[in-house]
Structures are given as C-alpha cells and as structure tokens.
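From first to last, the protein sequence lines are chains A and B.
Each residue of the first sequence is one higher than the last, beginning at 1 in my numbering.
Each residue of the second sequence is one higher than the last, beginning at 1001 in my numbering.
Here a beta-carbon is modelled for each residue, glycine too, at the ideal position from N, C-alpha and C.
Quick caveat: nothing in here was measured; it's all calculated off a predicted structure.
Here's the structure, in structure tokens; my notes come after.
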Amino acid sequence: MRKVLKYVSLDILKNNIVFAYAIMLALFSWSAFGLEDNASKGILTVLNIILLTVPLVSVLFATIYVYNSSEFIELLVSHPVKRGMIWKALFTGLSSSLALAYLLGAGIPILLFADFYTAVMMIVTGIFLSVIFVAIAFLSSILTRDKAKGIGISVLLWLYFSLLFDGLVLFLFFQFADYPIEKAVVVLSALSPVDLCRILILLHLDVSAMLGHTGAVFKNFFGTDWGLILSFTILTLWVVIPFAISLKKFKRKDL
Amino acid sequence: MIEVKGISKRFGKLQVLNNINLELQKGECIALVGPNGCGKTTLIKSILGMVLPDKGDIFFNRKNIQNDNEYRNHIGYMPQIGRYPENMTIGQVIDMIKNIRNGKHREDDDLFRQFEIESMLFKKMRTLSGGTTQKVSATLAFMFSPQVLILDEPTAGLDPLAAHILKEKISTARRNGCLILITSHLLTELEDMVSQVIFMQEGNVILHKNTADLKEMTGSETLATSVIELLKTIPQ
Chain A
1 MRKVLKYVSL DILKNNIVFA YAIMLALFSW SAFGLEDNAS KGILTVLNII LLTVPLVSVL
61 FATIYVYNSS EFIELLVSHP VKRGMIWKAL FTGLSSSLAL AYLLGAGIPI LLFADFYTAV
121 MMIVTGIFLS VIFVAIAFLS SILTRDKAKG IGISVLLWLY FSLLFDGLVL FLFFQFADYP
181 IEKAVVVLSA LSPVDLCRIL ILLHLDVSAM LGHTGAVFKN FFGTDWGLIL SFTILTLWVV
241 IPFAISLKKF KRKDL
Chain B
1001 MIEVKGISKR FGKLQVLNNI NLELQKGECI ALVGPNGCGK TTLIKSILGM VLPDKGDIFF
1061 NRKNIQNDNE YRNHIGYMPQ IGRYPENMTI GQVIDMIKNI RNGKHREDDD LFRQFEIESM
1121 LFKKMRTLSG GTTQKVSATL AFMFSPQVLI LDEPTAGLDP LAAHILKEKI STARRNGCLI
1181 LITSHLLTEL EDMVSQVIFM QEGNVILHKN TADLKEMTGS ETLATSVIEL LKTIPQ
C-alpha cells in the first residue's frame, strides 16, 4: 500500500488545485479575522465559509480525481497489486492532502485568533468534513462509469447536505412548532455531517446562548462528554460507511 | 498452466462470454482469433482478473485466481489500447511498475534498448502517439521475463521495424518456454509462430486446435486462409 500511496501522493502534490485551495482558505480566514474587530464574529464568518467550501471542494476534487485515475487503476490492476489496496491508497492520499490543505490554510489563522478549545474543535471537525466528503465522492464515483453523472451526483449530495437539509429541518421545525420536537431535531441533525459539525462548533461559542430553548437542548446533549463521543462516532461512521460500500463495489468492478 | 472452467460473463443484456472452457499449456503460442466483439478481450481481461466473470473459475498453475493477485507476477500483459496516467512520464511509469513488481525477477531490457525508450524517458504519456504507447506497453510486458505473455493486438499501430523487433522478441520468448496468448487480425503476421488456434464467436469457443490439424481440416496452406475458410463455413 505504501508504494501505491507514494505515487498517488506525489501526483496530488503536483496538482496545483490543492495548493490553490489551501491559499483560498488562508485568504478567506485571514481576511475574515482581520475585518472583524471581534474574534468571535470572525469565527462565525470563517465557520460559515468553511461549512460551505470544505465539503464542496473535497467532494468535487475527489470525484474528478478518482475519474481521472481510471488509467492509473487499470494499469496497476494488471500487475500484482491488490485491488482494495489501490482504492485505499487513493482514499488515503486524497483525504490526507485535503486535510493538510485545510490545516495549513484555515487551521493556522484559526489557532491564532480563536480561543484554544474552539480552535481545536474547528480544526478537528474541518478535517472530518474533508474526509467525509472524500468518502462520499468515492461512493458517487463508483456508482456510475459516466464522469459527468458522477460529478452531478457529488454536487447534488453536497447541495443536499449543505443547503437542502437545513431547509427540510427548518420546515419540520415550523410545521411542528407547537410540539416538543427539540429531541427529534437533535436526532435529525446527526443525519447531516455538515449540521453536526456546525452544532459542535456553535456550542463552543458564546452565541449559543442566543439559540433559545433548542440551543439549551442541544447544549444538554452535545455539550456533555457522551454527546461529544457520540457525535464523533457518528462523524466516523460518515467516513467508514460510504467508503466501505465503495470499496466493496470497487472490488467487484469490471475494468 | 492456465485452465479456464466454465466462465460466463454478461454486460447488461449482452452475453459476452458463454461457458468457456480452455486449457492452455506451457510452451504453446496460441492465437486467439474471431470477429470483432466476439469476447477475445473480455476473455483476456478475465484471465488477468480485470473483469470478474459471473460464473466459472480460472486456475493459474492449478491455483484459483479468485482473490489472488500474486499470480500476476508471472504474467506480462500488453493491452490493445494502453491507458496510462496522463501526467506521468515514460520513465516514471516504468519506475513505478518496477517498484511495484518488487524486482523479484531478472529484468529484461531488450525491448527497452531496441525501441530506444531511453531517449524518451521524459516524455509525458499524454503526448505519446499510439505507436509509442504500444512500445511502452510491449517493453513493460516483457520486462519481468514472465512465464505467460498475453498480447492483445500487439503489432497494431507499430511501425514495420518495431513490429519486426516485437515479433522476434515473441519468438525468443516462445523458444524459452513461455506460454503466449496472442490476439491479432493480421493472421499472416502470426503464421510462423503460432502453434495453436482458438476461434471464438459470439462468446463461444468454436474450436481449439493445433495449427497443423487446422490446416489439414480446412485443406489450406496457410493459417490465414484456413481461418478464412473457417469463417465461411460457420453460419453467421
């Protein structure tokens, strides 16, 4: 696996998109912190940017990269290399380089401007988001042979998790405003990794006090140690399940 | 050496391979012939584990190839259309394959020298012509002195000199006891090296015979004419 991983990583490093992504994140974060006089306002701005861009770039770049690696995969498969190993090496290479780009681009300014706990939480959830959306990209690129369709599926999934899902939750919230559905919302939020990450970070900020009753329910749940453990378990499952399905499909794929 | 037992493969509605049974012995040079789309490449890819058959098993030296990849150490494969990572140079591709193959084998750089790959090491795969790509494929297929050579349309796209070099190399490999499985439409080219013919049509093996027997059966002088005779006798 290490040998294959070496070639994958070298290839990704040669690809300027990952560098451009890191620089873009750095520009956004530095300017957001520089423009706001108050660091926690800056964090909110950075948070919103990150929650939109990190999943989008991760899912798109990974999908396109996997499709463009078809030749590489075909070449290796006719040699004594395990199929699973090729897929795992691609996944490790992509997720580690995107996570590294995030760490260098957004991680450094966050560490400098935010208080330590919030910063750690933002960095960890950001890395999780990168890896989760790489896993989702692997799943959508194994579902179809057609590159355009695969990219389409990826963009739709991003759209769903980043925008539509919130809309659905809000809709439910207003429809059932008369009922005590706060607990149901807690469960619902686990169904979207983006929302789960948003909640985890918001609870570390002072603004969570303004979220009212729901915020208190969230805090009661996600603020505890068990809540944290459970949230990170769910985030891990968001990585493991899509990737495991894609790996199983890849092992049976005709090249 | 390679045993194919009852493999079938279906792509959607199309039955590409239909219960194929074959036994390929060491030291033979076998021509796999048949009309376009008869399943030759799919059969080859099944042997390589690139296509997974719906039914049946393939054995390499009596070992089932399912869930095995080590057997590919003994196979040199030259694809019909070589597809390589576009951003890599020839040198990087060759280094990578050498590295992955672990250097367990004696390296054979005859084709590397004769095709003058050295002078092109820094060329990106994207920029290569079809013929040059074929040269790289051939170099890689022969590089690790494999026991089995699987060559899919090896001379298509090569210039006459390169084709000649490659044919010489195939003959040498055969003399050294290699099992060679070769598909080609240019039957006259295969004339003097082939010892057996497998004829496929619509996913079925129609016949698997020694060249001498085949010539006798069809009453022709050459391999090319006997295959044409065959094509005429078999109802389309």
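Within chain B, the residues that residue i reaches when beta carbons sit closer than 8 Å
{"i": "K147/A", "result": "Within chain B, no residue comes near K147/A; the closest Cβ sits about 14 Å away, beyond 8 Å."}
{"i": "K14/A", "result": "N1087"}
{"i": "D11/A", "result": "P1085, N1087, M1088"}
{"i": "F221/A", "result": "What F221/A touches in chain B: nothing, since even the nearest Cβ is about 45 Å away."}
Residue i in three-state terms, based on DSSP
{"i": "Y21/A", "result": "helix"}
{"i": "A1031/B", "result": "strand"}
{"i": "F1060/B", "result": "strand"}
{"i": "I1117/B", "result": "helix"}
{"i": "L255/A", "result": "coil"}
{"i": "L1017/B", "result": "strand"}
{"i": "T1225/B", "result": "helix"}
{"i": "T125/A", "result": "helix"}
{"i": "S1129/B", "result": "coil"}
{"i": "R198/A", "result": "helix"}
{"i": "E1107/B", "result": "coil"}
{"i": "N15/A", "result": "coil"}
{"i": "M1050/B", "result": "coil"}
{"i": "M1217/B", "result": "helix"}
{"i": "Y160/A", "result": "helix"}
{"i": "Q1066/B", "result": "coil"}
{"i": "E1191/B", "result": "coil"}
{"i": "I245/A", "result": "helix"}
{"i": "S1145/B", "result": "coil"}
{"i": "S140/A", "result": "helix"}
{"i": "S130/A", "result": "helix"}
{"i": "M256/A", "result": "Residue 256/A lies beyond the range of chain A shown here (1 to 255); nothing can be said about it."}
{"i": "H204/A", "result": "coil"}
{"i": "S1137/B", "result": "helix"}
Residues bridged to residue i [DSSP beta-bridge criterion]
{"i": "M1078/B", "result": "L1151/B"}
{"i": "M1200/B", "result": "V1205/B"}
{"i": "K1045/B", "result": "DSSP, once it has assigned bridges, lists no residue as partnering K1045/B."}
{"i": "L1024/B", "result": "I1002/B"}
{"i": "S1008/B", "result": "K1055/B"}
{"i": "K1124/B", "result": "T1089/B"}
{"i": "I1182/B", "result": "A1031/B, L1151/B"}
{"i": "N1210/B", "result": "Q1196/B"}
Buried or exposed by the 16-neighbour rule on C-beta atoms within 10 Å, applied to residue i
{"i": "S97/A", "result": "buried"}
{"i": "S29/A", "result": "buried"}
{"i": "V87/A", "result": "Residue identity differs from the one stated: residue 87/A is Trp in this sequence, not Val. W87/A comes out buried."}
{"i": "F250/A", "result": "buried"}
{"i": "G212/A", "result": "exposed"}
{"i": "K1063/B", "result": "exposed"}
{"i": "Q1066/B", "result": "exposed"}
{"i": "E1191/B", "result": "exposed"}
{"i": "V187/A", "result": "exposed"}
{"i": "E1153/B", "result": "buried"}
{"i": "W158/A", "result": "buried"}
{"i": "P952/B", "result": "Coverage of chain B is limited to positions 1001 through 1236, which leaves residue 952/B absent and any answer about it impossible."}
{"i": "F1112/B", "result": "buried"}
{"i": "G93/A", "result": "buried"}
{"i": "K149/A", "result": "exposed"}
{"i": "P55/A", "result": "buried"}
{"i": "W238/A", "result": "buried"}
{"i": "M1125/B", "result": "buried"}
Within chain A, partners of residue i - CB distance below 8 Å
{"i": "I1100/B", "result": "K3, V4, L76, H79, P80, V81"}
{"i": "R1113/B", "result": "Within chain A, no residue comes near R1113/B; the closest Cβ sits about 22 Å away, beyond 8 Å."}
Cross-chain neighbours of residue i in chain B, by beta carbon under 7 Å
{"i": "Y7/A", "result": "M1096"}
{"i": "F19/A", "result": "None at all; the shortest Cβ gap to chain B is about 15 Å."}
{"i": "F72/A", "result": "P1085"}
Cross-chain neighbours of residue i in chain B, by beta carbon under 9 Å
{"i": "K88/A", "result": "Simply none; closest approach about 14 Å."}
{"i": "F264/A", "result": "Residue 264/A is absent from the structure shown; chain A starts at 1 and stops at 255."}
Chain A contact residues for residue i, given Cβ-Cβ distances below 9 Å
{"i": "V1051/B", "result": "D254, L255"}
{"i": "N1073/B", "result": "H79, P80"}
Chain-ordered chain A contacts of residue i [CB-CB under 7 Å]
{"i": "L1048/B", "result": "S78"}
{"i": "N1069/B", "result": "P80, V81, K82"}
Original post:
Which runs of the alpha helix (DSSP H) fall wholly inside the segment 26 to 114 of chain A and span at least 4 residues, in chain order?
Top reply: Runs found: 39 to 68, 70 to 77, 83 to 102, 108 to 113.
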